[in-house]
Every structure is written in C-alpha cells, then in structure tokens.
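All residue numbers for the sequence shown refer to the UniProt record's numbering, where the first residue is 1 and numbers rise by one. These notes concern the structure reproduced below.
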Amino acid sequence: MKVAFYASAQDNVPQVAELSWPELSAKLVAHRRSRCPTSPCPRGCPAKNGPAWSPVDIVERRRSENVRAVTVAVFDLDHLTSPQLSCLDAVRSRGLAFAVHSTHSNRPPEDYCLRLVMPLSRPVLPREWPSVREAAIRLLDLPADPATKDLARLYFLPDAPEGVEPMALSAEGMPLDVDGLLAMARSGLPATPPPPDDAPADLYELRALLRRIRKPEHVALVRRALAGEPLAPIGGQDNALNALMSCAAFVLPLGTPESAIVELFRASFAATDWQEGTEHLCEQALFKLRRHKERRRARDASQLADNRAIWEALGGSTPASLSIDAPGFEEDAPDPDAWVGELLLDTTKDGGKRIRNCQANVFTVLLKSPEWRGVFRFNEVTKGLEVEASPLGPSVDLETLDVLVANWIQLSKYGQLGLMPKAHVVAQQLLAVAKANSYDPVADYLAELVWDGKPRLDELLVTYFGARGEPNYLRAVGAKFAISAVARALRPGCKVDTVMILEGPQGLRKSTAFRILGGRYFSDATIDVTSKDSAMLASQFWFIELAELSTFRKSEDQALKAFITRVEDTYRPPYGRANVKSPRRCIFVGTTNDDDYLRDPTGHRRFWPVKCTRIDTEGLARDRDQIWAEAVVRFHQGEDWWLSNEEAAGAEQQAALRMENHGDSRKEVILKWLLEMPADRRPSDVTLLQVGVEAFALHPAQVDLRFSREIGAALKSLHFTRGQRRMGDGTRPLVYYLPDELKDAPTEKHGERPRAFRP
C-alpha cells in the first residue's frame with residue numbers, strides 16, 4: 001500500500017512510500033515523547049506538531065484533488081468514555097486487522113482519544129471513499145470523528161506528552177472488504193446520522209474561510225493566530241482578541257461550535273502572554289465571540305429585510321433566509337446580497353419595475369449576482385481570463401463564452417425581469433468583470449506559506465545544486481536570488497536586474513531545478529530580446545529561463561542588458577485595442593553548458609555564475625515550500641536582494657572568468673586587484689594560487705591546472721617575469737615577479753577601471 005509522509009503539519013509536499021501492513025502497523029504502535037509548554041497539556045498543544053502521515057496515494061501538493069486513492073482506513077475516536085471502548089472489541093470479534101494508538105490529547109480514564117487504522121482489501125477511488133467510510137462506520141458501530149472524511153487530511157504519527165502513559169495495540173486479521181462495503185451502501189444501508197451541534201468541525205475548512213479576510217489589519221492578525229504565534233504584545237492583547245473574535249463571528253458560519261473556534265486559536269492563545277493565564281484568555285474569547293455573533297445576527301436580519309423589499313418591488317421571488325451554515329463576511333464589509341439595489345430599473349406603464357436592458361446591468365449581474373459572483377477572474381501573472389465554478393457547467397468553451405453567457409442571462413430570472421443582452425454586449429463586459437476580480441496566484445501562494453524556522457537559503461546552492469566555489473559568494477548569491485524572486489512577486493516592478501546562471505554539463509537537470517522552484521509559472525520559451533513579443537512573455541511568468549546564454553549574438557548584448565533591467569513591460573495583448581504597461585513580476589535565470597559565454601565586459605555585475613556538480617531535484621521538490629517561506633520571512637524583515645559592494649566585486653570577478661576572449665578580461669581583473677592596493681603594499685612577486693584566490697575570489701580547489709595556465713598566460717602578457725623563490729624550508733616555488741611599471745603605478749580608486757597602467 002502507498003501512504004504519504006510529511007515532516008510536520010506545515011509540510012505540503014508528500015513523500016509517498018510503499019509499505020506492507022505489518023510495516024505500517026509497526027510505525028503506528030510506537031509513540032514519540034514530546035514536552036508540552038504547560039501542565040496539564042492544553043488542547044491544540046504545539047508540542048504535538050511533528051512527523052505526520054496520510055493514508056492516501058497522492059501526487060504533488062497536499063490537496064484533495066491530488067489524491068489518487070485512499071489506501072488505508074483511518075477513524076479518529078475522540079473523547080470516548082470507558083464504556084465506549086467496547087467498539088474495539090467489536091472490531092476484534094470480526095477478525096479484522098487493525099492498529100490503534102492514543103493521540104496527544106488522550107487523558108485516561110476520563111477522556112480517551114484514540115486513532116483506529118485498518119487495512120483495505122484494495123485501494124479506494126476518491127469518489128468511492130465517502131460510501132466506503134459511511135458503510136464501515138455503520139458496520140462497526142464506530143463513534144468516529146466526521147472530520148476524518150477529508151481525503152488529504154494528515155495525521156500525526158503516535159505521540160504522547162511526557163508523564164502520560166500511551167496506549168497502543170494491533171491485531172492481525174482480514175482487511176476491510178471494500179467491495180462488500182460498497183455493496184452494503186448500494187443496498188440501502190442507512191446513512192450516518194448528522195453530527196450534533198457540538199460535534200467536531202472541519203478545522204481545515206474553517207481556516208480556509210478565515211484566510212479569505214481582506215482587511216489588511218485583520219489579515220496579519222488572522223495569519224498570526226492560525227500560525228500559533230502570540231496575538232499581540234502586552235498592552236495590545238485585548239484589542240487584538242476583540243478583533244480576532246469579530247472576524248470569527250462575522251466570517252465563519254453562525255452554527256460553528258464555539259469549541260471549534262477556540263481550538264482554531266488555542267496554540268496562539270497558549271503562546272500569548274496573557275496576565276491571567278490561558279484559560280482566562282479562552283473565557284474572554286468566548287465572551288467576545290458571543291457578543292459579536294449577536295451583532296452579526298442583527299446586521300443579517302436588517303440586510304435580509306432590505307434585500308427582500310428590492311426583489312418584491314421587481315416582482316421576483318424573495319431570497320431565502322440566511323442559513324446558520326452559510327459563511328458570512330467581515331463586519332463593515334459591503335453586504336454581498338445588496339447588489340440588487342445597484343441595478344438600473346425602468347418603471348412600466350402599470351407602475352411596475354423592470355431591469356433596464358443595458359451594459360451597466362450586465363456588468364453588475366456578472367460581477368455581483370450570487371450565480372456569477374467570483375466566476376470570472378483575471379490572473380495577474382498569466383494575464384488571462386479564467387472561469388471557475390460557472391453555472392454553465394464544469395467545462396466551458398472560451399471561444400463561445402459570450403454566446404453561452406448571453407443565452408443563460410436571457411433564460412434566467414434576470415431575463416424574465418427585462419435583461420436581454422446580446423452576445424457582443426456580454427463580450428465587452430467579460431474582461432472588465434474579470435479584472436474587477438483580479439488575483440495574483442504567486443503572491444497568494446507565498447502568503448500562505450509558514451516557515452518552519454530551519455535556515456535553508458544560505459546553503460541553498462551547496463545543498464541542492466552541489467555548487468563549488470568561494471563559500472561567501474555562494475551563500476550571498478543563493479539567498480539574494482530567492483529573496484529577489486519573492487520581491488518581484490510581492491512588489492511587482494521593483495528593481496531586479498541580475499541573473500543567476502547555473503553552469504554544468506548537459507543532463508544535469510539545470511532547467512528542471514528552475515521549473516521545480518517556479519512551478520507552473522516557469523517558462524523556458526525562447527527569448528528574442530529584440531522582439532516586442534518578448535515583453536509580453538516577460539509579463540506572463542514568474543521565472544523565465546535564458547537558456548544557453550552562449551547562443552546570444554554579441555550584437556544582442558546591449559539589447560539583453562536593457563531587457564533584463566526593465567521594471568515594466570509595454571506590449572499590446574492579442575486582440576487588444578491599446579498598449580498596456582505591466583509592472584514586471586518575473587526574474588530571469590540562466591543555464592549553460594559552456595565555460596565562456598559572456599561577451600559584454602560592462603555587464604559583469606548583472607550575472608551571478610554558479611558552477612554545479614549535481615542537482616538534487618527530489619530535495620528541491622520536497623523543500624520548495626520551505627525555501628520560499630524562508631525567503632518571504634527575510635523579505636518582510638527588510639533584507640536586501642542585491643549584493644553589497646564587496647559581494648558585487650566578487651560576482652564581477654566570477655563573471656569575468658566566463659568572458660569570451662577571457663584572457664584580456666583576466667588581465668583586467670589582475671590589474672584591478674593590484675592597482676587598488678597602495679603601491680607600498682603591493683607584493684614583489686605572486687604565485688598562481690595567490691592570484692586565483694585573492695584576485696578572482698576562487699576557492700583553492702578551483703585553481704586547477706587549466707585555470708593556472710590561463711593565469712600564467714595573463715601574467716606573461718602583463719610582462720611579469722617567471723622565476724623561483726627560495727623558501728626557508730628549502731623549497732623553490734614558481735613565482736611571477738611584478739614589472740617595475742606596475743610596482744610604481746598610481747593607486748586606483750575601488751571600482752574604477754584601471755587606466756594608469758597598460759601593458
């Protein structure tokens with residue numbers, strides 16, 4: 001059977017492994033020990049966050065839509081009393097295989113929290129799983145938590161707080177018969193009764209609803225609370241708690257159990273330095289939550305009455321009452337159902353009201369009506385119109401979209417009340433509606449990441465790319481590259497005019513590495529920097545690869561330099577009526593198989609070469625989210641994404657080594673190194689290793705035979721004299737003596753091109 005493993009609850013990249021039932025069962029009866037921050041351990045204790053698993057065969061990221069099959073049945077048996085433990089005897093009496101272990105919240109003998117895991121006779125397709133799960137619960141009479149129905153849900157591996165005796169046992173037997181359970185479901189097996197009001201809620205769904213909050217002051221607060229961080233420093237805690245409970249009361253369904261809301265924020269409450277203690281903080285949270293719920297009920301009742309009056313004036317059916325299971329919207333946010341009042345109306349001869357057949361009303365219906373609200377979106381990265389959850393059905397032909405939408409409106413209640421648009425009128429409104437619902441998927445992805453605190457950026461190039469070279473240079477370039485990508489995503493149009501270049505033999509998977517980091521917003525399409533089409537391409541991706549830089553002609557050097565330094569792109573979209581200006585969201589990256597690929601000596605600072613020996617694509621895929629999460633944190637902390645003057649000098653030296661006709665370039669590097677020294681501190685002679693390390697900022701291992709020969713040729717052309725120096729230990733190393741002209745040449749300022757001396 002295939003199951004997925006995760007490093008922690010924040011890990012979204014599954015590591016799928018194939019295990020036998022005995023192998024998995026052994027993992028499920030061995031508890032790790034954790035140290036809780038308080039005693040007794042609070043619910044939602046952060047100490048339980050550790051290695052986790054999911055009983056599914058899954059691809060890519062942890063999402064329900066990525067689940068291929070359910071491979072093991074898992075049932076959470078939470079808050080059982082001693083008599084309820086008899087359900088395990090029923091499982092054993094049927095001769096079924098199982099493993100059961102206590103969870104972190106287990107507190108016997110008053111409160112048993114157990115997890116029951118059972119093998120299946122075959123993998124279960126996602127569409128089959130609800131029926132199989134329901135039938136198994138009925139068959140075994142299990143008091144199972146309904147939250148475990150989420151396909152991609154992860155479960156912590158067995159864990160127990162210090163001082164609490166864990167419980168674990170397993171039994172061999174038959175697996176659950178999947179086809180038999182499906183047959184029971186088809187034959188009319190009664191459905192599991194709905195959970196009572198105080199049953200556990202789906203915390204993942206509640207978190208997703210809270211993340212839709214848009215007020216800037218609330219976004220940061222909710223993010224901290226869901227991440228288990230303190231609400232606020234002392235002095236601002238009560239206001240922060242009040243705002244958080246307002247968000248929960250107004251955004252979550254009114255029927256959400258109070259215990260579920262407290263559970264959402266319990267880790268944050270435990271981390272908050274509340275003077276009267278965490279339990280008092282929870283009590284205050286519930287008090288504020290109830291007060292805000294009353295205010296929401298009053299608001300909803302008033303708005304519902306207003307909306308009814310509008311529909312009755314139009315002669316249409318009145319809207320249904322608001323359900324306690326329906327999500328809400330933030331306090332003081334516009335009522336999403338008050339949009340009807342924005343429609344332009346005409347008065348008929350008999351005094352009735354009709355919706356005016358005009359473009360403004362088409363725009364309003366497509367943007368704000370409950371049927372079309374949020375259906376059309378504009379992707380700020382791809383610059384494309386997207387259709388999601390359309391009333392037209394799951395598959396929509398974009399070429400005939402205007403006709404299909406026009407037909408739908410004409411046949412709907414809006415058409416019956418007078419709105420009868422033509423297809424060309426709808427076509428004119430679609431893009432405007434989509435742009436009113438613009439979103440940035442890359443920025444949204446980065447905003448959802450939670451860093452686990454483990455540093456990865458400084459060793460990014462060494463760890464994942466097997467980079468060789470001067471350690472300080474590699475640390476700086478790896479971190480700056482990642483932070484610059486985040487900067488372009490979160491602050492489009494900011495200045496990023498550098499290109500990290502991966503060097504290595506063909507087949508090293510250099511492009512694959514960038515594709516993993518950039519995801520679906522990576523492009524390796526051929527770039528013609530002299531074409532206007534390249535500006536449009538640059539506006540549609542996050543990562544753009546400049547593949548095989550050596551193929552760029554020397555005549556294109558200036559165009560390439562100008563292209564990568566732009567902060568916005570101007571182009572005309574397909575079928576567009578005017579040019580648009582788009583702040584640049586992308587960064588450029590390079591790959592090459594060659595050693596000598598740069599031609600423009602004035603552009604060295606823009607290129608960050610990295611010599612790769614191996615690329616760990618599996619590690620990159622596994623850690624990608626955490627790499628970007630750390631980069632986001634460091635960006636928000638204000639870290640620069642450009643090199644310091646000292647670091648930039650090292651990058652220029654590295655780029656100079658990649659110059660076509662690099663002999664001349666290497667002479668310039670050597671001259672620059674010596675002439676920036678005061679004349680009285682210049683050495684009388686140098687060794688090849690000394691020049692490689694000090695002038696070119698190379699690691700000693702990089703000064704190989706080939707490079708030593710090139711340095712020697714450059715020194716000879718600068719009129720250095722080759723000789724040997726007698727050392728105290730009797731050795732006579734090869735050295736190169738400086739010419740007199742160079743010994744006495746004036747000192748150059750740092751960064752100035754040498755002019756005082758010419759060979």
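Just so you know, even glycine gets a beta-carbon here, dropped at the ideal spot from N, CA and C. In this text the structure is predicted, and so the values were computed from the model without any measurement.
Annotation: the continuous beta strand (DSSP E) that includes M118 extends over 112–124. Taking the C-beta atoms as reference points, V499 is found nearer than 8 Å to G590.
Counting only runs of 3+ residues, the beta strand (DSSP E) found wholly inside the stretch 705–754 occupies 721–724, 734–737, in chain order. Going by C-alpha positions, I501 is about 6 Å away from W608. In this structure, the straight-line span from the alpha carbon of V486 to that of L446 is close to 8 Å. Your pair N66 and A9 does not check out as a contact, with CB atoms roughly 17 Å apart and the cut at 8 Å. Y571: not part of any alpha helix (DSSP H); member of the beta strand (DSSP E) spanning 568–571, first to last residue. W129: not part of any beta strand (DSSP E); member of the alpha helix (DSSP H) spanning 129–140, first to last residue.
Shown here, Q15 sits in a strand according to DSSP, grouped into three states. The DSSP-derived three-state label of S511 is helix. Here the alpha carbons of L244 and Q429 stand approximately 38 Å from one another. Apart from the 5 residues on each side of it in sequence, Y464 sits with its Cβ closer than 6 Å to the Cβ of D616, G619, L620 in its chain, given in chain order. About 6 Å separates the beta carbons of N437 and F376, which is inside the 8 Å limit, making them a contact pair. In this model, L182 and Y155 are separated by some 25 Å (Cα to Cα).
Cβ contact annotation for A99 (same chain, cutoff 7 Å, sequence separation greater than five): S25, L28, V29, V117, S170, in chain order. A232 is positioned such that its CB atom lies closer than 8 Å to that of A240. Excluding five sequence positions before and after E470, the CB atoms of its chain that fall closer than 7 Å to its own CB belong to G650, A697, L698, H699, given in chain order. Out of R92, G163, I527, the CA that lies nearest to the CA of R32 is found in G163.
One Cα belongs to Q654, the other to L460, and the distance between them is close to 18 Å.
Distance from the CA of T592 to the CA of V686, rounded to the nearest whole angstrom, comes to 33 Å.
A285 sits buried, since 16 or more C-beta atoms from the chains shown fall within 10 Å of its C-beta.
The residue among L366, W451, E448 with its C-alpha nearest the C-alpha of V425 is L366. Assignment of H280 by DSSP, reduced to helix, strand and coil, places it in the helix class.
Closest option to L120, judged by alpha-carbon separation, among G180, P108, L85, L77: G180. At the C-beta level, R584 and V610 stay beyond 8 Å of one another. For the pair F250 and H218, the Cα-to-Cα distance works out to about 12 Å. When the Cα atoms are used, G393 and H79 turn out to be separated by approximately 42 Å. With fewer than 16 other beta carbons inside 10 angstroms of its own, P505 counts as exposed.
Per the coordinates, the alpha-carbon of S102 lies some 8 Å from the alpha-carbon of D159.
Cβ neighbours of V132 within its own chain (closer than 7 Å, five residues either side excluded): V124, V178, L181, L182. Of the residues A152, K422, V691, the one whose Cα lies closest to the Cα of A4 is A152. According to DSSP, H101 shares a beta bridge with R115, A168.
Burial check for Q724: the Cβ neighbour count within 10 Å stays below 16, so the residue is exposed. Taking a contact to require three or more Cβ pairs closer than 8 Å, the stretch 623–637 and the stretch 537–544 do not qualify as touching. The three-state secondary structure of A447, taken from DSSP, is helix. If you draw a straight line from the Cα of S54 to the Cα of R223, it is about 25 Å long.
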